[in-house]
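These notes concern the structure reproduced below.
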Amino acid sequence: MSLIELRGMGREAIASLLDRAEAFLGDDGVFVPPDRARSLEGKAIALLFFEPSTRTRISFELAAKRLGATTVLMRAEGSSLQKGETVLDTCLNLEAMGIDAFIVRHRERDTPHVLAEHLSRPIINAGNGSGEHPSQGLLDALTLRRAIGDERGLLEGKTVAIIGDIVRSRVARSDVHAFTALGARVVLGGPPTMVPARGDDGWGEAEVVTSRREAVAEADAVVVLRIQRERMNNASVDTDAYVRDWNIDEGVVAEELPAHAKIMHPGPVIRGEELSSAVADGPRSLILEQVRCGVAMRQAILGALLEER
Ligand code: NCD
11 MSLIELRGMG REAIASLLDR AEAFLGDDGV FVPPDRARSL EGKAIALLFF EPSTRTRISF
71 ELAAKRLGAT TVLMRAEGSS LQKGETVLDT CLNLEAMGID AFIVRHRERD TPHVLAEHLS
131 RPIINAGNGS GEHPSQGLLD ALTLRRAIGD ERGLLEGKTV AIIGDIVRSR VARSDVHAFT
191 ALGARVVLGG PPTMVPARGD DGWGEAEVVT SRREAVAEAD AVVVLRIQRE RMNNASVDTD
251 AYVRDWNIDE GVVAEELPAH AKIMHPGPVI RGEELSSAVA DGPRSLILEQ VRCGVAMRQA
311 ILGALLEER
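Under the numbering used here, the first residue of the sequence shown carries the number 11, and numbering increases by one thereafter.
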């Protein structure tokens, strides 16, 4: 079994992965119960990161090592990809060396699907261009459910706004599926060039608005996203207008957000562009809690895919 996208995954499958992650969260940090510390002993996990990454890579690496697995890291630079080898050939060779699972980040949307089709070991998609980022969607859902979920671990009756460069965001795509599966209403907000058109595929039931005030007015939580300039093919962005219309600072929080609304961001945060430091570091922010939940979530994912039953 692989983890490539959250689209099409039902409430039960998502909730059971989140439940599994809860077992790894103690009162003050990520926790590995002694009986799980060697649960992936003898497994070798390849981390293939062909696009930049800080949190996702280190979090998967830590998760694997805390469960006793060995990891190998590969980047495009310095590898045979630079001589023209395909990612699939590289992975077939790694599989021949005994790799048990592949965690892959690559700019092409179909890479994880192609790998899953040809390899017999699990593929975990760590970001496929502007496609999906399922472990991020799951860790965001875990963070949200711990912060504002009901006693059944659901988000029914809650509204989550995702604002920023939605169309180029794989995080937004995975978040929409995870949050809606738990029962939340999702509102997507951004400038017209950054939000999906009505009827675009992959956005489920999410509503789309192009004013910040409207996007956040009823939000129990706001997920703030970065402008993904690296996916814009040199199109320019009017940064001043973006900051004026979409940045979340203390004034916006006071005037436009409900008093209890939480703030989330997958990172990296570009301070002053989409989010002010005062809000990112303030009492409503769940940003570092997302990172903390991320390691537990990835331990749960690796366990679910690799532990011997
Ligand atoms: C994101 C990504 O790379 O998809 N970051 C992450 O994994 N936490 C979002 C981004 O780069 O803006």
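We put the beta carbon where it would ideally sit given N, CA and C, even for glycine.
- Straight through space, the alpha carbons of Ala216 and Asp210 are spaced by roughly 11 Å.
- Within the chosen limit of 7 Å, the ligand NCD reaches the beta carbon of Gly137 through at least one heavy atom.
- For Ser145, the closest alpha carbon among the candidates Ala73, Trp256 and Val177 is that of Ala73.
- Under the three-state reduction of DSSP, Thr64 is assigned to coil, being neither helix nor strand.
- In the three-state reduction of the DSSP assignment, Glu161 falls in the coil class, being assigned neither a helical nor a strand state.
- Under the 10 Å beta carbon count, Glu127 is surrounded by fewer than 16 other beta carbons and is classified as exposed.
- One alpha carbon belongs to Leu98, the other to Ser130, and they sit about 12 Å apart.
- With a cutoff of 7 Å, Leu285 does not count as near the ligand NCD, since its C-beta is closer than that to no heavy atom of the ligand.
- According to DSSP, His116 shares a beta bridge with Asn138.
- Val114 and Glu87 have their C-alpha atoms spaced approximately 15 Å apart.
- Secondary structure in the segment 227-283: the alpha helix (DSSP H) runs of 4 residues or longer, each lying completely within the stretch, are 249-256 and 260-266 in chain order.
- Comparing alpha carbon positions, the residue from Glu142, Pro276, Val40 and Gln309 closest to Leu235 is Pro276.
- Counting along the chain, Ile55 sits inside the beta strand (DSSP E) bounded by residues Ala54 to Phe59.
- The beta-carbon separation of Gln309 and Arg155, rounded to 17 Å, does not stay under the 8 Å limit for a contact.
- Here Thr203 is exposed: its Cβ has fewer than 16 other Cβ atoms, across all protein chains shown, within 10 Å.
- Taking the Cα of Arg119 as reference, the smallest distance to any Cα among Ile280, Gly282, Glu228 and Glu15 is reached at Glu15.
- Bounds of the alpha helix (DSSP H) holding Thr190 are Arg180 to Ala191.
- Relative to the ligand NCD, the nearest heavy atom lies less than 7 Å away from the CB of Thr66.
- Around the beta carbon of Ser287, fewer than 16 other beta carbons lie within 10 angstroms, which makes this residue exposed.
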